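Chains as they are written, first to last, in the UniProt record's numbering: chain A, 1 to 239; chain B, 1 to 239; chain C, 1 to 239; chain D, 1 to 239.
The C-beta atom is built at its ideal place from N, Cα and C for all residues, glycine as well.
Note that the structure is a prediction, hence the values are computed from the model and not measured.
Everything on this sheet refers to the single structure shown next.
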C-alpha cells in the first residue's frame, strides 16, 4: 500500500471527499446522464490529483472509490480505488494540471445546450450580465480532438490560457471547465450550461441585444475585486 | 447585541422564517442555479427588511443566517447573520422599500425564459388568461443598469410605479418582482417565468392570438375584486 | 353538519381521497405551478362532486379539505372543507357534470405546451401513435370564454360532445380534460401535455408526417376494444 | 405452479429483479409518462424473457409482478404475475429475441425528442462525439407499423440487423433499443433521448458541423475495443 506524508494524506482524503460529493451537483442540475461527466481536483502541496472512476453509477460514488493519479494521469498503485480504471478523460485532466499550475479543479460534461453550441462550432456571445460577471465575455470554442492522447488537454490549454473564460466548448464534443478548485470548476460547469441555455432561448425569437464592452469589463472587474476581498466565502456578484 | 421592542423582535423572527423558507420555492420551480437569486421581506412596523446572505448554498439557508438591514441597505450590527455579507442586490431591494411603501417583498432571479425576453429588450405580450389575471397586461422591460449603486433600484421603481405588473424584466439581466409580502413577490417570480416560457413556446410556431383589451381588464379586475374579498387566504383566480 | 346515506358517505370519502391524491400527479409531471390547476370527481350514485379548494398549497391538500358541491357548483354546507372557497373553476366543472352524464372526472391545468397551442388557437394534429391511441385524432380548440359564469363549461361541452378527444384546448387559456373518473381525466391531462410537447418539438424542425386516417382509426378502435376487455385494470395500449 | 431447473429459477429471479429495478431509470431521466414504456430481459440459458405488466404504475413495479414469457410472447402460466397481461408491446419484444440471438434486452419508450425525429421520419445525424461512441453513426428510422402483430418486431430487426446503432426510431411512434442485457438496452434508451435532444437543439440555430467519417469510426472502434477489455465493468468512453 502506497502512503504519503501525513499532511499529504489529509489533503488527499479531503480531495476524495470533495470530488465524490461535487458529482451530485452535476446530477442536481441535469448536466449528465448515466455515468457520463467527470470532476477532478489537484491535491494541494503534491503532484497528484483525484478523479472519478470510469463506469460507476452516480449513486455509488464515494470518497473510497475516487482514484488518485500523478500528473501524467497514471493511477497510484496501492491506494483506495486503484483497482478500477479512472475516467477515460483522465489524460485531458492531467494535461491541464501539468500546464496550468493555477488550476486546482477540472470538470467535463456533455450538458445539452453547451454541447449544442459546440456542435455548431459557435462561441456563446456575452449578452446577459450573469455571463459578464462569471466569464468576462464570450465562451470560446476549442478544437476538434480525438479522445485517447494529449489532444483534448492541449486544446483546452491553448484556448483558455490567458482567456477570462473558465469554460471552453470543445468542437462536436462538449464543455470543459477549470477553476481554482473542484468546486469552482463545478460552478463554472453549472453556469456555462445556464448561460448556454438562456442565450440559446433568447436567440430563438430574434437577436439578443449586446452589452457594451465597457459594461462587460466593469461587471467582470467588479466580480474579480469583490471576490478578492472575500477569500473565505464563495461570493457571486448576483446572490 | 442589538435588540428591538418585543413586537418588532417577533416580526423580525417571522420575517426570517418566511424569507428562509420561501427560497425553497425558487429551487422547486427551477428559477435559480448555484447561489443565484434572492428574496427579501420588509419587517412590518419597522424601517427594516430581511434578506438572504451572499454565497450561501440553498441547502444551508436558515432563519438564523438571514440578514437584517435598514432601509438604506446597511446591515444591523449585532444581529444574527450580521457577520456575513447580505446579497449583492441588497441596494436594489432597499431602494424599492424606500420608494414604494406599499411593497412588502422583493424577489430577483435569472430564470431562463424571463431572462431571454430581457436579453432581447422585449416586453412579454399578454396572450394567455393566466397572465391577464396575474399581471393585468404585458410584463414591461426596465433599463440596463450596472450593479453596485442605486441604478437597478431606480429602474425597478420607475418601471413598476403605477403599472399593473408586479414584474419587470431588467435589460440583459433578469426579472425583479414585488409584492405585498415576500410570498406574494415569490408567487410573481414563479408566474413571470411560467408565462415567459408559455408565450415563448407559443411564438415559436407562429404568432399567438391577442386577448381583447377589455377581456384583459375584466380578468384583472375580477382578480383584484375576488382578492379583495379574501384578505386572509391566498386566492388565485385559477385554482 | 350535513350527512348522507351510509353508502353515499363511503363514496364521498373515497372521492375525497382520490381527488386529494391525484393532484400529486399534476405536480409530478410539472403540469401546474403554485396553486394553479384543479381536479374534481363525481360522487357515484349522487348528484354531487368533490373538488379542490382555492388557494391551498399542493403540499397541504388532504381528503379533509377537499370540497363537496352539488351539480350547480354550490358548496354543501356543514361538510368537511366547506368553510373554504372551492376552486374558482367550480362552475365549469359543474356545468360539465350536469351536461355530460358519462363524465366522472374533470381536470384543468395551464400546462405549458398545451397552453401554447391554445394561445395560437391551433388544434394539435395527430402525428404520433400514442395520440391516436389515446385521443383518436386531433385535439380540438374550444372558444374563448371569460371566467365566472357558464361560458367555460359550455365551451367544453360543445367542443367535446360526440368527439373522440377527452381534451379540449380553451383559447388563450389552457386544457380541460374529462374522463370516466378523476384518474382517467388526470391521465388525459398528462397525455395531452406529453403529445402537445412532442408534436411541438417535431414541428420545430419541419413538418411531421401524417398518419393515415385508417391507421388512426385502427389504433383508436384497438384501444377502445382492449380497454373494454379489461374493466378492472387501467390498460393503455402502449405499456 | 410451473417450475424450472434450479439454475434457471435463479436466472429468472435475477431477471425479475433487474427488469423491475431498471424501469426506475426510465422515470429518472423523464423518458416515460403514466404507465407508458417497457423494459424486458432474456433469461440466460432459457427460451424465456421477463417483461413489465401492462397498466401498473411505475411506483408499484416489483420483481413479483414482472411477467415471464416464452419466445413467442406467451405468458408462462402458474408463475408470479401470470394473472395479469404483459406489456402490449410483448409481441415486438418476443420477435426481437427470436430473431436476434445476440440481444439480451429490449426497451421501448415514447421519449420526447426521439419521438419528434420519428414523427418527421428523420434519422438523427452523428454530429457529437458521444453519439459516435455509443451508436457509431446516425440513428436510423424504421417503418410505420401497427401494434398487435409481428410488424413492429420485424421493423426493428430489419432496421438494426447488421447496423452499428442499438436504437431505431419507429415512424410516428418512438424509439426501441436493444442491448446485450436489459441494462445495456436501458442505457441506449437514455442515450438516444440525450443525443436526440442535443442534436435537435443544435439544429434550432443553424446546421451542426459534421464529424469526419473516419473520426466517427475511430471513436466507435475505440469504444468497442475498450469495452472488450473490461467485460465486468460497464465502461463508457466518456466517464
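Task: residue 165(D) vs residue 138(D) beta-carbon contact at 9 Å - done: What you label residue 165(D) is simply residue 165 of the fourth chain in a count that begins at 1. What you label residue 138(D) is simply residue 138 of the fourth chain in a count that begins at 1. Against a cut-off of 9 Å, the Cβ pair of residue 138(D) and residue 165(D) comes out as a contact.
Task: Listed by chain order, chain B residues near residue 95(C) by CB distance under 8 Å - done: Looking up residue 95(C) in the third chain gives position 95. None at all; the shortest Cβ gap to chain B is about 17 Å.
TODO: Could you pull out every residue in the same chain whose Cβ sits closer than 6 Å to the Cβ of residue 197(D), ignoring the five residues on either side in sequence?
DONE: As a position in the fourth chain, residue 197(D) is number 197, starting the count at 1. Here the set comprises 113.
Task: Short CB-CB distance (under 9 Å) between residue 205(A) and chain B - done: On the first chain, position 205 is the one that residue 205(A) refers to. Yes, contact with chain B.
TODO: Counting only the same chain and skipping the five closest in sequence on each side, list residues whose C-beta sits under 6 Å from that of residue 150(D).
DONE: Here residue 150(D) is taken as the residue at index 150 of the fourth chain, counted from 1. Within the same chain, residue 150(D) has close Cβ partners 95.
Task: Helix, strand or coil at residue 2(C) [DSSP, three-state] - done: As a working note, residue 2(C) is residue 2 in the third chain. In the structure shown, residue 2(C) sits in coil (DSSP, three-state: anything other than H, G, I, E or B).
Task: chain B residues whose Cβ lies nearer than 8 Å to that of residue 113(C) - done: Numbered from its first residue, the third chain carries residue 113(C) at position 113. 201, listed in chain order.
Task: Rounded straight-line distance, which links the Cα of residue 76(A) to that of residue 136(A) - done: As a position in the first chain, residue 136(A) is number 136, starting the count at 1. As a position in the first chain, residue 76(A) is number 76, starting the count at 1. About 37 Å.
- [ ] May I ask you to report which of helix, strand or coil DSSP gives residue 32(D)?
- [x] Counted from its first residue, the fourth chain places residue 32(D) at position 32. The answer is coil: DSSP assigns residue 32(D) none of H, G, I, E or B.
TODO: Give the straight-line distance between the Cα atoms of residue 121(B) and residue 141(B), rounded to the nearest whole angstrom.
DONE: Position 121 of the second chain, counted from the first residue, corresponds to residue 121(B). Position 141 of the second chain, counted from the first residue, corresponds to residue 141(B). Taking the straight line from one Cα to the other gives about 6 Å.
- [ ] Please compile the residues from chain C whose C-beta is within a distance smaller than 9 Å of the C-beta of residue 29(B).
- [x] As a first step, residue 29(B) must be located in the second chain, where it is residue number 29. Going along chain C in sequence order, the residues near residue 29(B) (Cβ under 9 Å) are 33 and 34.
- [ ] Would you verify that the beta carbon of residue 242(B) is, or is not, closer than 9 Å to some beta carbon of chain A?
- [x] As displayed, chain B neither begins before 1 nor continues past 239, which places residue 242(B) out of reach and without an answer.
- [ ] Tell me whether residue 64(C) is buried or exposed, calling it buried when 16 or more other Cβ atoms sit within 10 Å of its Cβ.
- [x] Position 64 of the third chain, counted from the start, is the residue given in the question as residue 64(C). Residue 64(C) should be labelled exposed.
Task: For residue 162(A), the three-state DSSP class (helix, strand or coil) - done: Indexing the first chain from 1 puts residue 162(A) at position 162. If DSSP states are grouped into helix, strand and coil, residue 162(A) belongs with coil.
Task: Terminal residues of the beta strand (DSSP E) in which residue 49(A) lies - done: As a working mapping, residue 49(A) is identified with position 49 in the first chain. Here the beta strand (DSSP E) through residue 49(A) covers 48-51.
- [ ] Please list the partners that residue 129(D) has in chain A, where partner means a Cβ-to-Cβ separation under 7 Å.
- [x] Here residue 129(D) corresponds to residue number 129 of the fourth chain, with the count starting at 1. The answer, in chain order, is 172 and 173.
TODO: Please compile the residues from chain C whose C-beta is within a distance smaller than 8 Å of the C-beta of residue 107(B).
DONE: Taking the second chain and counting its residues from 1, the one referred to as residue 107(B) is at position 107. Neighbours of residue 107(B) on chain C: none; closest Cβ ~13 Å, over 8 Å.
Task: Residue-level contact to chain B via CB, residue 119(C), 9 Å cutoff - done: By one-based count along the third chain, residue 119(C) stands at place 119. Yes, contact with chain B.
- [ ] Run down chain A in chain order and give the residues with a C-beta less than 9 Å from the C-beta of residue 209(D).
- [x] Residue mapping note: residue 209(D) aligns to position 209 of the fourth chain, counting from 1. Near residue 209(D) (Cβ distances below 9 Å), the residues of chain A are 119, 120, 121, 144, 171 and 172.
Open item on the list: Quick check: residue 202(C) and residue 188(C), are their CB atoms within less than 9 Å of each other?
Closed with: As a position in the third chain, residue 202(C) is number 202, starting the count at 1. As a position in the third chain, residue 188(C) is number 188, starting the count at 1. No, Cβ-Cβ distance for residue 202(C) and residue 188(C) is not below 9 Å.
Open item on the list: Relative to the C-alpha of residue 30(A), which candidate in 191(A), 78(A) and 205(A) has its C-alpha closest?
Closed with: As a position in the first chain, residue 30(A) is number 30, starting the count at 1. Looking at the Cα atoms, 191(A) is the closest of the given residues.
Open item on the list: For chain C, check one thing: does any of its Cβ atoms lie closer than 9 Å to the Cβ of residue 218(B)?
Closed with: Along the second chain, one-based indexing puts residue 218(B) at 218. Yes, because at least one Cβ of chain C sits closer than 9 Å to the Cβ of residue 218(B).
Open item on the list: If I measure Cβ to Cβ from residue 200(A) and keep anything under 6 Å in the same chain, skipping five residues before and after, which residues do I get?
Closed with: Mapped onto the first chain, residue 200(A) falls at position 200. For residue 200(A), where only same-chain residues beyond five positions count, the Cβ hits under 6 Å are 113.
TODO: Below 7 Å CB to CB, which residues in the same chain sit around residue 219(A) once its five sequence neighbours on both sides are set aside?
DONE: Along the first chain, read from residue 1 onward, the residue named residue 219(A) stands at position 219. Cβ neighbours of residue 219(A) beyond the five flanking positions: 129, 132 and 133.
Open item on the list: On the criterion of 16 or more Cβ atoms from any shown chain inside 10 Å, does residue 232(C) qualify as buried, or is it exposed?
Closed with: Here the question's residue 232(C) lines up with position 232 in the third chain. The predicted position of residue 232(C) is uncertain, since its pLDDT is 37 and thus under 50; a value taken from the coordinates is nonetheless stated next. Classification of residue 232(C): exposed, given that the 10 Å Cβ count is below 16.
- [ ] Out of 184(C), 146(C) and 162(C), state which residue places its alpha-carbon closest to the alpha-carbon of residue 174(C).
- [x] Taking the third chain and counting its residues from 1, one reaches residue 174(C) at position 174. Measuring from the Cα of residue 174(C), the nearest candidate turns out to be 146(C).
- [ ] Let me know if residue 10(D) comes out buried or exposed under the rule of 16 or more other beta-carbons within 10 Å of its beta-carbon.
- [x] Your numbering for residue 10(D) matches position 10 in the fourth chain. Residue 10(D) is exposed by the Cβ-count criterion.
Open item on the list: At the level of alpha carbons, what is the spacing between residue 21(C) and residue 58(C)?
Closed with: As a first step, residue 21(C) is located in the third chain; it is residue number 21 there, counting from the start. As a first step, residue 58(C) is located in the third chain; it is residue number 58 there, counting from the start. Those two C-alpha atoms are separated by around 10 Å.
- [ ] Check whether the Cβ atoms of residue 55(C) and residue 35(C) lie closer than 9 Å to each other.
- [x] Here residue 55(C) refers to the residue found at position 55 when the third chain is read from its first residue. Here residue 35(C) refers to the residue found at position 35 when the third chain is read from its first residue. Yes, the Cβ-Cβ distance between residue 55(C) and residue 35(C) is below 9 Å.
Task: Candidates 212(C), 184(C), 153(C) and 209(C): closest to residue 41(C) by CA position - done: Start at 1 with the first residue of the third chain, and residue 41(C) comes out as number 41. Of the listed residues, the one whose Cα sits closest to residue 41(C) is 184(C).
Open item on the list: Starting from residue 79(D), trace the alpha helix (DSSP H) in both directions and tell me its first and last residue.
Closed with: Here residue 79(D) refers to the residue found at position 79 of the fourth chain. Note, residue 79(D): premise wrong, no alpha helix (DSSP H); not H, not E.
Open item on the list: For a test of the three-state rule: what should DSSP assign to residue 208(A), helix, strand or coil?
Closed with: Taking the first chain and counting its residues from 1, the one referred to as residue 208(A) is at position 208. Here residue 208(A) sits in coil by DSSP.
Open item on the list: Beta carbons nearer than 9 Å to chain A: which residues of the stretch 38-67 of chain D have them?
Closed with: none
Open item on the list: I need the DSSP call for residue 179(D), collapsed to helix, strand or coil.
Closed with: Sequence index remark: in the fourth chain, residue 179(D) carries index 179 (1-based). DSSP places residue 179(D) in strand when its eight states are reduced to three.
TODO: On a CA-only basis, which of 4(A), 46(A) and 23(A) is nearest residue 106(A)? Give me that one, please.
DONE: Here residue 106(A) corresponds to residue number 106 of the first chain, with the count starting at 1. It is 23(A) whose Cα lies nearest to the Cα of residue 106(A).
Open item on the list: My output table needs one value for residue 38(D): the three-state DSSP class, helix, strand or coil.
Closed with: Here the question's residue 38(D) lines up with position 38 in the fourth chain. Strand, per DSSP.
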